[in-house]
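A short worksheet on the structure shown next.
Residue numbers (this note's numbering): 1 to 231.
Following this line, the structure appears as structure tokens:
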């Protein structure tokens, strides 16, 4: 089995986001170390915005996009020495009066140092909360694998912790990022689709997909295959 080269893949994500004009702020280009406070909030809070606020305010992300959605990429070794990974996409959960125009205006004021970060945060806190786009998480956790109930490779869609959408491949951060772009940034996807004279975003996505690998057979059994798998 080949491990995911997480750091190289994170750097590819950062480069692509920059090339597409989507990046607002870059965090570490290595496996993210999150605070104990964020872990505590993630376990205990009933409200998605509490998690998002902590991530955004304390820059606990690898990448923040221009719409202030955030990406996290993390890896660890389990007791058997196997690589386990976790990737997450946290959409900006706020809508404002006059929708995105207000947000763009506020971002411009912040970038021009006309308002402070504290004033921006106050604006965020007073905004109307929405959850039109769900948070998306991808996990590859062989140590938690149960053929009947817990797929090793899976997506979590939304804030419900027990929904697991099984995947037949072990994804890279680059593949995960491409999937989110294709699903939730269709305007950018269409505008930048012809990435160069030789290739489209679909072509690059296909290359990225091939950098991932099939889940090993000992973590993808017959019971898994009876259910609908994302391949």
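Note that beta-carbon positions come from the ideal geometry of N, C-alpha and C, so glycine has one too.
{"Query": "For residue 47: DSSP bridge partner residues", "Result": "Answer by DSSP bridge pairing: none, since residue 47 is not bridged."}
{"Query": "C-beta contact flag for residue 178 and residue 152 at 7 angstroms", "Result": "no"}
{"Query": "Whole-angstrom distance between residue 159 and residue 48, CA atom to CA atom", "Result": "7 angstroms"}
{"Query": "Rounded separation between residue 65 and residue 53 - CA only", "Result": "15 angstroms"}
{"Query": "Identity of the residue in 83, 20, 198, 67 nearest residue 216 by Cα", "Result": "83"}
{"Query": "Beta-carbon proximity list for residue 141, same chain, < 7 angstroms, skipping 5 on both sides", "Result": "84, 152"}
{"Query": "Contained alpha helix (DSSP H) runs [length at least 4] in the stretch 99 to 185, N- to C-terminal order", "Result": "100 to 111, 117 to 125, 173 to 184"}
{"Query": "The beta strand (DSSP E) enclosing residue 86, as first and last residue numbers", "Result": "83 to 90"}
{"Query": "Own chain, CB closer than 8 angstroms to residue 148, minus 5 neighbours either side, in chain order", "Result": "223"}
{"Query": "Contact between the stretch 60 to 76 and the stretch 33 to 49 (3+ Cβ pairs under 8 angstroms)", "Result": "yes"}
{"Query": "Beta-carbon proximity list for residue 203, same chain, < 8 angstroms, skipping 5 on both sides", "Result": "195"}
{"Query": "Stretch pair the stretch 165 to 176 + the stretch 2 to 15: three plus CB contacts closer than 8 angstroms", "Result": "yes"}
{"Query": "Rounded straight-line distance, which links the Cα of residue 219 to that of residue 145", "Result": "7 angstroms"}
{"Query": "Where residue 105 falls, given that 16 or more other Cβ within 10 Å makes a residue buried", "Result": "exposed"}
{"Query": "Nearest-angstrom Cβ-Cβ length linking residue 90 and residue 135, presumed shorter than 8 angstroms", "Result": "5 angstroms"}
{"Query": "Close beta carbons around residue 120, own chain, < 7 angstroms, minus the five adjacent residues each side", "Result": "106, 110"}
{"Query": "Host beta strand (DSSP E) of residue 74 (start-end)", "Result": "70 to 77"}
{"Query": "Classification of residue 162 by the beta-carbon crowding that lies within 10 angstroms, buried from 16 upward", "Result": "exposed"}
{"Query": "Closest Cα partner of residue 92 within the set 133, 198, 123, 15", "Result": "133"}
{"Query": "CB of residue 31 within 7 angstroms of CB of residue 75, strictly", "Result": "yes"}
{"Query": "Proximity test, residue 64 beta-carbon vs the ligand ZN heavy atom, cut-off 6 angstroms", "Result": "As far as ligands go, the structure on display features none, and thus does not contain the ligand ZN."}
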